[in-house]
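Residue numbers (my numbering), protein chains in the order written: chain A, 17 to 269; chain B, 17 to 269. Structure first, then comments.
Protein chains: 2
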Amino acid sequence: MGTTQLETVPEPKYWHLKTVLTEALDSEFSVGEVLPNERDLAARFGVARATLRQALEQLELEGRLQRRRGVGTTVAPPRVGVAVGTEQHVWPGAVGDAWRPVDCAVAVPPAAVAEALETGPDDQVHTIRRSRVTHGQPVAAELLYIPASSVPGLPAIDAPSGATLARAVLRELQHLDLEGQDRAVELGSARADDAKELDRLPGAPVLVVTTRYVAEGRTAAVSVATYRADTCRLTFGDSGGVEIHHDPERRAS
Amino acid sequence: MGTTQLETVPEPKYWHLKTVLTEALDSEFSVGEVLPNERDLAARFGVARATLRQALEQLELEGRLQRRRGVGTTVAPPRVGVAVGTEQHVWPGAVGDAWRPVDCAVAVPPAAVAEALETGPDDQVHTIRRSRVTHGQPVAAELLYIPASSVPGLPAIDAPSGATLARAVLRELQHLDLEGQDRAVELGSARADDAKELDRLPGAPVLVVTTRYVAEGRTAAVSVATYRADTCRLTFGDSGGVEIHHDPERRAS
DNA sequence: AAGTGGTCTAGACCACCGG
DNA sequence: CGGTGGTCTAGACCACTTC
Chain A
17 MGTTQLETVP
27 EPKYWHLKTV
37 LTEALDSEFS
47 VGEVLPNERD
57 LAARFGVARA
67 TLRQALEQLE
77 LEGRLQRRRG
87 VGTTVAPPRV
97 GVAVGTEQHV
107 WPGAVGDAWR
117 PVDCAVAVPP
127 AAVAEALETG
137 PDDQVHTIRR
147 SRVTHGQPVA
157 AELLYIPASS
167 VPGLPAIDAP
177 SGATLARAVL
187 RELQHLDLEG
197 QDRAVELGSA
207 RADDAKELDR
217 LPGAPVLVVT
227 TRYVAEGRTA
237 AVSVATYRAD
247 TCRLTFGDSG
257 GVEIHHDPER
267 RAS
Chain B
17 MGTTQLETVP
27 EPKYWHLKTV
37 LTEALDSEFS
47 VGEVLPNERD
57 LAARFGVARA
67 TLRQALEQLE
77 LEGRLQRRRG
87 VGTTVAPPRV
97 GVAVGTEQHV
107 WPGAVGDAWR
117 PVDCAVAVPP
127 AAVAEALETG
137 PDDQVHTIRR
147 SRVTHGQPVA
157 AELLYIPASS
167 VPGLPAIDAP
177 SGATLARAVL
187 RELQHLDLEG
197 QDRAVELGSA
207 RADDAKELDR
217 LPGAPVLVVT
227 TRYVAEGRTA
237 AVSVATYRAD
247 TCRLTFGDSG
257 GVEIHHDPER
267 RAS
């Protein structure tokens, strides 16, 4: 007999819940609208709050919802496209890049970064913190690692304010000839400091973009940027962003 | 910047647990080794299983652990770098690309894809399913949408087997002049069919790579590829992958 | 059958935000 | 202050793999 095990798999409640909620979001809610609170929703669907939360978590992960402690759960706007790969071969800090220098310090980088930079495991490098804002919302936090050898012309330590120092280092970096760059994207969870900067809780899912800048045949700088995974769609490529995915009719707010 | 507001924030237990476990993984476990089961671990740390699981979930998200129902929790190998952006401007299905055609059908694409393809909301397009395997493990599942107008020379419906048909469509596609391509990366959760192909549970976190192929001034094809977020690091760029992140000393198995 | 992770419950308390 | 989401508990049962 054609034992196509069709209904052999009882769909988990939270999964079914997520489907129902997705459809409700598509048809009955507008962007920015606040949902009933979790206790009410759970009661309405006849499940425990934990189960309801499992569904909400997934929807937040997919960028459909936004939850804020003490406030409530709201319908999230479509993800913003954030250009990551358009500016082919440009140093960080060039003309009009999207980043704002926050701070600068001299510190020992993580082992993996040190390896890429070919510095000793205990060598210090310039460590610049930058932040990226789109539509008034912080979308990414970055740590830029620049060994002293990449900015030979930098005046000695008279250390102006952090951000000003950062700008000076970046300015100095432009003098090098950028030969190429590698990028990698992976999923991570926000460290405490990044989370704070991104206005999220620690552990929130982030897209980690690691960039290696190559000049004079070696790695001249390394950038580790963490983007909010819930609100961002990273765009690469020749022209503008792709407007795909996350289709359906959402009423404008 | 050392504004350490120290004891204002009681660290959540699962967060602290995650830290402890991370350190343990770095120093006391080798890749592939199986951890004690969740009930034992929870007891050992004096927390409820749900709390322990919250920590394990994060570690799995970060690619440090692999959990399989009925089997156990094992220490995951470092993420594999998967090249996504090296082959500049190449049609899918070209010479030696990493994908294996699985099936082909004619279907109405999702609304957002139809919009990009500039087909009507009810028009059917060739829909090719492909699968990508690295190191013997499935890492990605893809849906390729190709309107009939992009493969005018395709012989009429005599329909050989699915995979063979897929190859025929892809072969036909190569005749077009590829002018450019856009890519976007975002976080998603695996649909049931993708999850099955990726050997994961539905809802597992995935990196969704959407590619728009441009030829003759219009979108000739759209690809939506979902990569396992736990095991993959997507690499873009000129040369080989970046070997950064996820540093520390892991004993080889 | 035994042991694993996955789901679910019904509570409790806490941290945060707003009026 | 009241209401929200975030954390945590101690149990139960289920689905799956392995022997």
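A virtual CB, placed ideally from N, CA and C, is assigned to each residue, including glycine.
Within chain A, the residues that residue i reaches when beta carbons sit closer than 9 Å
| i | result |
| --- | --- |
| Glu-45 (chain B) | In the sequence as presented, Glu is not what sits at residue 45 (chain B); that position holds Phe. Simply none; closest approach about 18 Å. |
| Gln-82 (chain B) | Within 9 Å Cβ-Cβ: nothing; Gln-82 (chain B) doesn't reach chain A, min ~14 Å. |
| Gly-101 (chain B) | Gly-101, Arg-199, Phe-252 and Gly-253 |
Exposure label - residue i; buried when at least 16 CB within 10 Å
| i | result |
| --- | --- |
| Thr-251 (chain A) | buried |
| Gly-219 (chain B) | buried |
| Asp-193 (chain B) | exposed |
| Ala-241 (chain A) | buried |
| Val-50 (chain A) | exposed |
| Lys-34 (chain A) | buried |
| Thr-226 (chain B) | buried |
| Arg-55 (chain B) | exposed |
| Thr-59 (chain A) | This sequence places Ala at residue 59 (chain A); Thr is not what is there. Result: exposed. |
| Pro-163 (chain B) | buried |
| Val-8 (chain A) | In the structure displayed, chain A extends from 17 to 269; residue 8 (chain A) sits before or after that span and is not available. |
| Gly-253 (chain A) | buried |
| Glu-134 (chain A) | exposed |
| Pro-117 (chain B) | buried |
| Ser-43 (chain A) | exposed |
| His-191 (chain B) | exposed |
Interface partners of residue i on chain B, CB under 8 Å
| i | result |
| --- | --- |
| Pro-221 (chain A) | Leu-77, Leu-203 and Pro-221 |
| Arg-183 (chain A) | Ordered by position in chain B, no residue passes the 8 Å Cβ test against Arg-183 (chain A), which lies about 17 Å from the chain. |
Residue i at chain B interface by Cβ criterion, 7 Å
| i | result |
| --- | --- |
| Ala-9 (chain A) | Because residue 9 (chain A) is not part of the residues shown, which for chain A are 17 to 269, the question remains open. |
| Val-36 (chain A) | no |
| Ala-245 (chain A) | yes |
| Gln-197 (chain A) | yes |
| Gln-140 (chain A) | no |
Interface flag, residue i vs chain A, CB-CB below 7 Å
| i | result |
| --- | --- |
| Phe-252 (chain B) | yes |
| Gln-153 (chain B) | no |
| Gln-70 (chain B) | no |
| Arg-249 (chain B) | yes |
| Gln-190 (chain B) | no |
| His-261 (chain B) | A caution first: His-261 (chain B) carries a pLDDT of 47, below 50, which makes its placement in the model unreliable, though a value can still be read off. It does: the Cβ of His-261 (chain B) has a partner Cβ on chain A nearer than 7 Å. |
| Ala-40 (chain B) | no |
Chain-ordered chain B contacts of residue i [CB-CB under 9 Å]
| i | result |
| --- | --- |
| Arg-146 (chain A) | Here the premise fails: no neighbours, minimum Cβ distance about 14 Å. |
| Pro-218 (chain A) | Glu-27, Pro-28 and Trp-31 |
Assigned secondary structure, residue i (DSSP; H/G/I helix, E/B strand, else coil)
| i | result |
| --- | --- |
| Leu-51 (chain B) | coil |
| Val-87 (chain B) | coil |
| Phe-45 (chain A) | coil |
| Val-36 (chain A) | helix |
| Arg-65 (chain A) | helix |
| Thr-12 (chain B) | Limits of chain B in this structure are 17 at one end and 269 at the other, which puts residue 12 (chain B) out of reach. |
| Leu-57 (chain A) | helix |
| Leu-75 (chain A) | helix |
| Val-167 (chain A) | coil |
| Leu-250 (chain B) | strand |
| Ala-211 (chain A) | helix |
| Gln-70 (chain B) | helix |
| Leu-189 (chain A) | helix |
Proximal chain B residues relative to residue i, where beta-carbon distance stays under 7 Å
| i | result |
| --- | --- |
| Gly-169 (chain A) | Here the premise fails: no neighbours, minimum Cβ distance about 26 Å. |
Under 7 Å by beta carbon: chain A residues contacting residue i
| i | result |
| --- | --- |
| Leu-97 (chain B) | The question names Leu, but residue 97 (chain B) in the sequence shown is Gly. Going along chain A in sequence order, the residues near Gly-97 (chain B) (Cβ under 7 Å) are Ala-200. |
Continuous beta strand (DSSP E) assignments of at least 3 residues falling wholly in the segment 95-165 of chain A: 96-99, 115-123, 141-150 and 153-162
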